[in-house]
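> Pasting a structure here, questions to come.
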Amino acid sequence: MEIGLGVPREPVHLVAQDKEIRCVGTVDSKLDITGQLIACAEQQRPWHKNISGYIFKKNSPSCGPEEVLVVEHRKAPLCDKTTRSGIGIYAARLMHNFPHLPVADEQQLSDQKFLVNFVQRIFIYSRWQKLLANNLRWETLLAFHQRHKALLISRDQKMADELNSLLVEPTRPGLDFLQKIYMAKLSAILKIVPTSDIPIDLDAA
Numbered sequence: 007m008e009i010g011l012g013v014p015r016e017p018v019h020l021v022a023q024d025k026e027i028r029c030v031g032t033v034d035s036k037l038d039i040t041g042q043l044i045a046c047a048e049q050q051r052p053w054h055k056n057i058s059g060y061i062f063k064k065n066s067p068s069c070g071p072e073e074v075l076v077v078e079h080r081k082a083p084l085c086d087k088t089t090r091s092g093i094g095i096y097a098a099r100l101m102h103n104f105p106h107l108p109v110a111d112e113q114q115l116s117d118q119k120f121l122v123n124f125v126q127r128i129f130i131y132s133r134w135q136k137l138l139a140n141n142l143r144w145e146t147l148l149a150f151h152q153r154h155k156a157l158l159i160s161r162d163q164k165m166a167d168e169l170n171s172l173l174v175e176p177t178r179p180g181l182d183f184l185q186k187i188y189m190a191k192l193s194a195i196l197k198i199v200p201t202s203d204i205p206i207d208l209d210a211a
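Here's what the structure looks like:
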């Protein structure tokens, strides 16, 4: 509706066309809303910047975060190929703009371990946003890392050690450069869903 489609509206799906993924109508293939979905994500970028998590719609050609059905049309009749390899157009642009933003779909949240991990990621990401908003300094970064150190180790000891080594003097890089590396590695660790049940401790994690 945000891009001007009515209710009810023609169903759409993802189609592989000329090495591109397009979002087009299932009845009228001339209905192509790819550009509108990308533009919508860009228009909403200012408020995306301030959120700490996003729940998408599973299998949606606009808002599915993973494993969305993609149709590949072939010349021979009845030979179309389908794969679960796509990402919804709007979701893909949002995730491109904010690659470390915690995201999930509603089916993933039905898994208790995933849900707990997702909530933890949201709180940690929110704390990171506040650090950046208050002009990140070495002492605040080190305090942030220390606060979450045990949780990171519980996810992956080796990756946590690698992240910790970035903060050790005198080998650590400049703060402006480090913060990008740090968040990328932190996000990779936090995406690991623990195999054991861990209670939600919103203060410590």
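The sequence shown runs contiguously to residue 211 in my numbering. Where a beta carbon is used, it is the ideal one built from N, C-alpha and C, also for glycine.
(1) Could you pull out every unbroken alpha helix (DSSP H) segment of at least 4 residues lying fully inside the stretch 22-89, listed in chain order?
(2) How many whole angstroms separate the CB atoms of V30 and V13, which I take to be in contact at a CB cut-off of 8 Å?
(3) Measuring only the C-alpha atoms, how far is K186 from V33?
(4) Under three-state DSSP, which class holds D167?
(5) Are the beta-carbon atoms of Y188 and V109 separated by less than 8 Å?
(6) DSSP state of V18, grouped into three classes?
(7) Using DSSP bridges, identify the partner residues of V5.
(8) I'd like to check one pair, L192 with L157: are the Cβ atoms closer than 8 Å?
(9) What residues in its chain sit with their C-beta under 7 Å from that of P105, if we drop five residues either side in the sequence?
(10) Output the distance between the C-alpha atoms of G70 and A45, rounded to the nearest integer angstrom.
(11) Within the continuous alpha helix (DSSP H) that includes R153, where are the two ends?
To lay it out plainly:
(1) When DSSP assignments are scanned along the stretch 22-89, the uninterrupted stretches of alpha helix (DSSP H) that are 4 or more residues long and fall wholly within it turn out to be 40-49, 51-54.
(2) As a working note, residue 30 is residue 24 in the sequence shown. As a working note, residue 13 is residue 7 in the sequence shown. Between the beta-carbon of V30 and that of V13 there is about 19 Å, and that puts the pair past the 8 Å contact cut.
(3) Counted from its first residue, the sequence shown places residue 186 at position 180. Counted from its first residue, the sequence shown places residue 33 at position 27. Rounded to whole angstroms, K186 to V33 spans 44 Å at the Cα level.
(4) As a position in the sequence shown, residue 167 is number 161, starting the count at 1. Three-state result, D167: helix.
(5) Walking along the sequence shown from the start, residue 188 turns up at place 182. Walking along the sequence shown from the start, residue 109 turns up at place 103. Not closer than 8 Å, so no.
(6) Along the sequence shown, one-based indexing puts residue 18 at 12. Three-state DSSP puts V18 in a strand.
(7) With the chain running from 7 to 211 in the structure shown, residue 5 is simply not present.
(8) For the purposes of this step, residue 157 is taken as the residue at position 151 of the sequence shown. For the purposes of this step, residue 192 is taken as the residue at position 186 of the sequence shown. Taking 8 Å as the Cβ cut-off, L157 and L192 do not qualify as a contacting pair.
(9) In the sequence shown, residue 105 corresponds to position 99, counting from 1. Sequence-distant partners of P105 (beyond 5 residues in either direction) whose C-beta falls short of 7 Å from its own C-beta are missing from its chain.
(10) Locating residue 70 in the sequence shown gives position 64, counting from the first residue. Locating residue 45 in the sequence shown gives position 39, counting from the first residue. Going from the Cα of G70 to the Cα of A45 covers about 17 Å.
(11) Residue 153 sits at position 147 when you count from the first residue of the sequence shown. Residue range 144-161 is occupied by the alpha helix (DSSP H) that includes R153.
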